[in-house]
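Undergrad:
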Amino acid sequence: MRREQHIRQLVDYARQGKARAFILAVASIILTGTLLRTLELSAPIVFSLGFLGMIPLLVREWKLGTIRRSFNDDSSYQKLIRLPFWVTVFGLCLLYAILGWYELGTPNRSVFLMLGALVIGMFFFQRTFDRVILKLEPDYITDRELNRELK
């Protein structure tokens, strides 16, 4: 019963914020497309503005972490549960650093290698994080399970 209650709480929150996040992401894409056509700014600077649409992702990670924190009082679990939020913040900062590096120089295809490494690193981090946190909290609901429930 406990696991079903956890899933219900997470699904309820995810459904509430889904429409707002979608609207903000679409607005971010429209803003980026408009700025690319009308302003004389370089493309990486404008694309970096487009990534402001990631702010709803940060808010979502924080709120899901807050909900998940209430599921277990173990101190190790309490420390680890915020890690996805901080890794998302780090990934966003790293993305901006890569865009800045591209703007300041001409690193050619190494930018694409860095972006690929960032995406692959985030994927492997998520898998490892899920394995570690499931050892601490067997009732932990992974993002994959949450997405399945939302469909």
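Going by this note's numbering, the first residue of the sequence shown is number 1, and it counts up by one from there. For glycine and all other residues, C-beta sits at the position ideal for the given N, C-alpha and C.
Specify the secondary structure class of lysine 151 as computed by DSSP and reduced to three states.
TA: In the sequence shown, residue 151 corresponds to position 151, counting from 1. Coil.
Undergrad: How many Å lie between phenylalanine 85 and glycine 105 at the Cα?
TA: The sequence position of residue 85 within the sequence shown is 85, counting from 1. The sequence position of residue 105 within the sequence shown is 105, counting from 1. Straight-line Cα distance between these residues: approximately 30 Å.
Undergrad: Go to isoleucine 141, then tell me how far its alpha helix (DSSP H) extends in each direction, as first and last residue.
TA: The count along the sequence shown starts at 1 and reaches residue 141 at position 141. Premise fails: isoleucine 141 is in no alpha helix (DSSP H) and is neither H nor E.
Undergrad: Do isoleucine 141 and leucine 10 count as a contact pair if the criterion is CB distance below 7 Å?
TA: Translated into the one-based positions of the sequence shown, residue 10 becomes position 10. Translated into the one-based positions of the sequence shown, residue 141 becomes position 141. In contact: leucine 10 and isoleucine 141 (Cβ atoms closer than 7 Å).
Undergrad: At which residues does the alpha helix (DSSP H) containing aspartate 130 begin and terminate?
TA: Taking the first residue of the sequence shown as 1, we reach residue 130 at position 130. Aspartate 130 -> alpha helix (DSSP H) spans 110-136.
Undergrad: Under a three-way DSSP split, which group does glycine 105 fall into?
TA: Counting from 1 along the sequence shown, the entry for residue 105 is found at position 105. Here glycine 105 sits in coil by DSSP.
Undergrad: Do the CB positions of glycine 65 and isoleucine 55 come within less than 7 Å of each other?
TA: As a working mapping, residue 65 is identified with position 65 in the sequence shown. As a working mapping, residue 55 is identified with position 55 in the sequence shown. Their beta carbons are not under 7 Å apart, which means glycine 65 does not touch isoleucine 55 by this criterion.
Undergrad: Look up phenylalanine 71 in the DSSP assignment and say whether it is helix, strand or coil.
TA: Translated into the one-based positions of the sequence shown, residue 71 becomes position 71. In this structure, phenylalanine 71 counts as coil in the three-state DSSP scheme.
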